[in-house]
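One structure below.
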Amino acid sequence: MSVWRRDIVSNLRLLAGVEGKTAGEPPIASMGATNPPLIERPLFILDHIVSDGAQVTRPSIDPYREPTETEVYLLGGDLRLTMPIIIGGLTSVDAKHLDVVMLAGFRMGVGIHLENPPSLQFHVDVRRHVFLEASEGDLQGLQSGPVVFSIESVEELAKVRRAVKSLGLDTQLIARVPSSANRSLYREVLFAGFQTVIIDEDLGGEEPLEVSLSEADHTLKKLPINGFPARYYVGLIAASKRIRSSSDIFKLGGLGADACIIRDAWLIGVDYKPDIPAHQLSERIENLLIGMQREIKLLMGAAGVSSFQSSIVGNRELFRAIDLPYHMCERLGVKPAGE
Amino acid sequence: MINTKSTPILITKYLPIPKRESKEFWTESRIQHIRYLASTGKPKMVWDRCKSETSRILDRVFFWKELEDAGVEEGDYEVPDGISVSTRICYGSIELAHPLYLGDMSFGALSGVPNIAIARAADLTGTLAGIGEGGLHPEVGKCSRIAVQWASARFGLDLDVLRKGMAVVIKIGQGAKPGIGGHLPGVKVVEIISQTRRIPVGVDAISPAPHHDIYSIEDLEQRILALKEATGRPVLVKVAATNYIPYIASGVARMGADGIIIDGQGAGTGAAPSVVRDNVGIPIELAVAAADEMLRREGLRDGFTIIAAGRVSSAEDAAKLTALGADVASIGTAALIAMGCIMIHKCHLGFCPAVITNKITDNPKKVLSLDTATRWVVNLIEGWSAELKLILERLGLKSVEELRGRRDLLVGTGLSDSTLRVLGVRGVSGKN
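So the sequences go chain by chain: A and B.
Numbering (this note's numbering) for the first sequence: 2 to 340.
Numbering (this note's numbering) for the second sequence: 1244 to 1675.
Structure (structure tokens):
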């Protein structure tokens, strides 16, 4: 059983314009759904989670006719993304395409996560959207802008902070951590001067992404700083190569993610091949992103919500779990369907 | 002028069932079973054998009696005498000879003949057919056992149309796409649809997501009362099964509606964005159990009707939903399958091979035979009812009303603790 079911791949490719003639438009289907957990076999906790449809007691919103906002602010408000998406997985991309992908992402107003960065010269505006991974011992070469450090422990947090401070760098610090329920790590990020945490399932960790994200969100919400929950100051980003679709991004938003790093999803969606012409790659990325944004708007509208960051992020009450045991529902903070 | 019209081929036979490329709820054996009922009008089985192929929550709920009855043989069943499946709904104002509602499918989504066949079958069997959102087809308007739908776009509605049926349905939501409006792709909006719905030809007919005059429960009350006064008919409110379904059901009952149609996740649709269809809403079995529980607790259940819709595929499904608290089951997709649907999920494109949901043209090559389609649906209802009687007999009950709310007759297998609690059903391990 593959993570990339035929319908998921086809949906992404219809959005990107690789298939069909309605690029950028949410695909239409008919007759009953066949999705997990009830018909297809569920692979992840996300497959058990459904979103709300607003009706009777409050109105739904019509995203075709009424405004809905998918923008999110990260890095303490310094970075505005037009949608909760960051393009990652660039290690799988041919070097000649890095610029193409980054420019397409920048034009669409999303973030770009760059691991193992080659020495590139960025336009200053583009640089602000690039989450540049710091390589070991080479902090000197970093330009100002968001910098990502892979971190596993509280001690490492402090060490990175000292190193950056001693160099007098003006960078926004982002901690990329494995998917774990390490509450003390989440509690310490703010004190160590980090503004954002990326919970990255692809770095390993003992918990599924859904659980560690939810734990991080809860932990930071319960920690008061200057009269506000710490979560108010710290952004949370979920990352995994198994984030498959706009609905996964939407549900992870509900569990606390301000944005998600997508990896295989966009590579599969645009049908990436090293010999793809640059203009085609760029066009497909833009189509895919605008389509995913529209899908997120449909889900928001159905739930009767007009702003992603203020009303979806961490709003577990909008979601229900189908056939998940109580202990798991409790860890996620999501009620079972029907309750 | 040369008449280029050729006589269309009349469809009176079922198409072969294609091989599936991915998992499907409407499996070949479910389709075969419905086709058997539709062709013969006779029962084929007591306990639903198709449920072992899929893992819907309802598929993992059994009657205790079935577990005791190991291996009843397939064969000719003697339909028992003295068991009543007729039921009264909407504070007793409508009597149904069979506890079935034929789900709201619009003229436009379906291509005309199926709409007429469903409405005529309702008349012939003493059930009730919802006409859906697309206005009233003139031939459907000649039938009496219809429920006229008042949906967010108000397509083709006026007072005459609203008074044509036995009941009015306020459509708030549907199971396939809770929180968003109806959608008829432009390719299917041809001249006759344009006239019935009073919209331009060739343009997508996208109904507003909310009713723009219903933004609260109080607004809903005003519409319910206004429609009752204007038409003199009982009013049902159709909603999708969502997070707050118990509260919604309670609100709908308090606001004076005669009943609620709850449409579960996984229900059919003529067109919906896949992202919404696949990720919004909860299964009908949980919604019915939760709504029934809330209404009972608040003393609102008596006289109020719950119609359960969404993946209702057999008499056993209907019986289990009744035991969980529904009054009547709604069948939509099953009726389409009875008329020859082979479940290829292409309704939104307008070229249905079974000519059920195809685009209407002036010069069609194939047309579904109205007589055959009507007979198929009538037979389905009769065969279904016979199977329901057999189930009631096995359970030792004399009427379908005795089954209502009898959760003690059910058992869940391989279900999580949270699911069992919402269902109010005991669990055993094993079986699955």
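We treat Cβ as the ideally placed atom computed from N, Cα and C, and that holds for glycine.
It should be emphasised that the depicted structure is a prediction, and the values quoted were computed from it without experimental measurement.
Would you list the one or two residues that DSSP bridges to residue i?
i, result
"residue 52 (chain A)", "A:320 and B:1523"
"residue 1418 (chain B)", "The partner list for residue 1418 (chain B) (beta bridge, DSSP) is empty, contrary to what the question assumes."
"residue 1342 (chain B)", "DSSP lists no partner for residue 1342 (chain B)."
"residue 70 (chain A)", "A:308"
"residue 1506 (chain B)", "B:1483 and B:1552"
"residue 1462 (chain B)", "Its beta-bridge partners do not exist; DSSP assigns none."
"residue 261 (chain A)", "A:86 and A:239"
"residue 1373 (chain B)", "B:1390"
"residue 1410 (chain B)", "B:1390"
"residue 1477 (chain B)", "Per DSSP, none; premise fails for residue 1477 (chain B)."
"residue 198 (chain A)", "A:176 and A:237"
"residue 1303 (chain B)", "Paired residue(s): none; residue 1303 (chain B) is not in a bridge."
"residue 1331 (chain B)", "B:1338"
"residue 166 (chain A)", "DSSP output for residue 166 (chain A) lists no bridge partner at all."
"residue 1364 (chain B)", "According to DSSP, residue 1364 (chain B) bridges with nothing at all."
When you compare each of the options to residue i by their alpha carbons, which one comes out closest?
i, options, result
"residue 1308 (chain B)", "B:1299, B:1290 and B:1472", "B:1290"
"residue 199 (chain A)", "A:266, A:231, A:150 and A:230", "A:150"
"residue 1339 (chain B)", "B:1348, B:1347, B:1611 and B:1328", "B:1328"
"residue 1643 (chain B)", "B:1657, B:1628 and B:1262", "B:1628"
"residue 191 (chain A)", "A:324, A:159, A:168 and A:94", "A:159"
"residue 1668 (chain B)", "B:1501, B:1653 and B:1485", "B:1653"
"residue 1494 (chain B)", "B:1506, B:1507 and B:1480", "B:1480"
"residue 1254 (chain B)", "B:1670, B:1505 and B:1619", "B:1619"
"residue 1271 (chain B)", "B:1670, B:1583, B:1590 and B:1635", "B:1583"
"residue 1461 (chain B)", "B:1496, B:1429 and B:1474", "B:1496"
"residue 259 (chain A)", "A:271, A:316 and A:340", "A:316"
"residue 156 (chain A)", "A:135, A:185 and A:175", "A:185"
"residue 296 (chain A)", "A:4, A:25, A:99 and A:270", "A:25"
"residue 248 (chain A)", "A:313, A:168 and A:207", "A:313"
"residue 1293 (chain B)", "B:1533, B:1283, B:1269 and B:1523", "B:1269"
"residue 134 (chain A)", "A:173, A:233, A:59 and A:232", "A:173"
"residue 9 (chain A)", "A:219, A:36 and A:18", "A:36"
"residue 1386 (chain B)", "B:1393, B:1632, B:1363 and B:1369", "B:1363"
"residue 1503 (chain B)", "B:1490, B:1513 and B:1511", "B:1490"
"residue 1639 (chain B)", "B:1306, B:1513, B:1261 and B:1259", "B:1306"
"residue 1487 (chain B)", "A:337, A:182 and A:224", "A:337"
"residue 1450 (chain B)", "B:1546, B:1335, B:1524 and B:1396", "B:1396"
"residue 154 (chain A)", "A:23, A:170, A:187 and A:147", "A:187"
"residue 339 (chain A)", "B:1550, B:1526, B:1288 and B:1380", "B:1526"
"residue 1428 (chain B)", "B:1367, B:1532, B:1319 and B:1349", "B:1349"
"residue 1434 (chain B)", "B:1471, B:1355 and B:1391", "B:1355"
"residue 51 (chain A)", "A:322, A:326 and A:18", "A:322"
"residue 1626 (chain B)", "B:1430, B:1320 and B:1663", "B:1320"
"residue 1562 (chain B)", "B:1257, B:1611 and B:1304", "B:1304"
"residue 1520 (chain B)", "A:5, A:12 and A:4", "A:12"
"residue 5 (chain A)", "A:281, A:242 and A:318", "A:242"
"residue 1637 (chain B)", "B:1596, B:1445, B:1617 and B:1310", "B:1310"
Rounded C-beta distance between residue i and residue j? I'm assuming under 8 Å.
i, j, result
"residue 1599 (chain B)", "residue 1345 (chain B)", "Not a contact, Cβ separation roughly 14 Å."
"residue 39 (chain A)", "residue 1655 (chain B)", "At roughly 14 Å, the Cβ-Cβ gap does not stay under 8 Å, so residue 39 (chain A) and residue 1655 (chain B) are not in contact."
"residue 1286 (chain B)", "residue 1571 (chain B)", "So it is not a contact: roughly 20 Å between Cβ atoms."
"residue 1528 (chain B)", "residue 1564 (chain B)", "7 Å"
"residue 1326 (chain B)", "residue 1635 (chain B)", "5 Å"
"residue 181 (chain A)", "residue 211 (chain A)", "With a Cβ gap of about 13 Å, residue 181 (chain A) and residue 211 (chain A) do not count as contacting."
"residue 1440 (chain B)", "residue 1399 (chain B)", "5 Å"
"residue 325 (chain A)", "residue 1661 (chain B)", "7 Å"
message: Taking 8 Å as the cut-off, does the segment 1527–1541 of chain B touch the segment 1272–1279 of chain B (at least 3 CB pairs, one atom from each stretch)?
response: By the criterion of at least three beta-carbon pairs nearer than 8 Å, the segment 1272–1279 of chain B is not in contact with the segment 1527–1541 of chain B.
- prompt: What residues in the segment 46–77 of chain A have a beta carbon less than 9 Å from any beta carbon of chain C?
  reply: In the structure shown, chain C cannot be found, because the protein chains are A and B.
message: Going residue by residue through the segment 91–116 of chain A, where are the continuous alpha helix (DSSP H) segments of at least 4 residues, counting only ones entirely within it?
response: 99–109
field: the segment 1457–1471 of chain B / the segment 1550–1560 of chain B touching (three or more Cβ pairs under 8 Å)
entry: no
- prompt: Do the segment 244–260 of chain A and the segment 274–290 of chain A touch if we need at least three Cβ pairs shorter than 8 Å?
  reply: Output reads no: the segment 274–290 of chain A does not touch the segment 244–260 of chain A.
Three or more C-beta pairs below 8 Å linking the segment 1376–1385 of chain B and the segment 1600–1608 of chain B: no
message: Is it the case that the segment 1420–1428 of chain B contacts the segment 47–64 of chain A, given that we only count it when at least three CB pairs across the two stretches are under 8 Å?
response: yes
task: Evaluate the contact criterion for the segment 1475–1489 of chain B versus the segment 1408–1421 of chain B: three or more CB pairs, one atom per stretch, below 8 Å.
output: yes
query: With a cut-off of 8 Å, do at least 3 Cβ pairs link the segment 44–58 of chain A to the segment 298–313 of chain A?
result: Taking a cut-off of 8 Å for Cβ pairs, the segment 44–58 of chain A and the segment 298–313 of chain A touch, as three or more such pairs fall below it.
query: Per the contact definition of three or more C-beta pairs closer than 8 Å, is the segment 34–51 of chain A in contact with the segment 1255–1271 of chain B?
result: Output reads yes: the segment 34–51 of chain A touches the segment 1255–1271 of chain B.
query: Of all the beta strand (DSSP E) runs that stay within the bounds of the segment 1546–1603 of chain B, which reach a length of 3 or more residues?
result: 1548–1552 and 1571–1574
message: So, does the segment 282–291 of chain A touch the segment 1398–1405 of chain B, judging by three or more C-beta pairs under 8 Å?
response: Short answer: they don't touch.
message: Across the segment 1587–1595 of chain B and the segment 322–334 of chain A, are there enough close Cβ pairs to call them in contact, namely three or more that are closer than 8 Å?
response: no
query: Three or more beta-carbon pairs under 8 Å between the segment 258–272 of chain A and the segment 80–97 of chain A, yes or no?
result: yes
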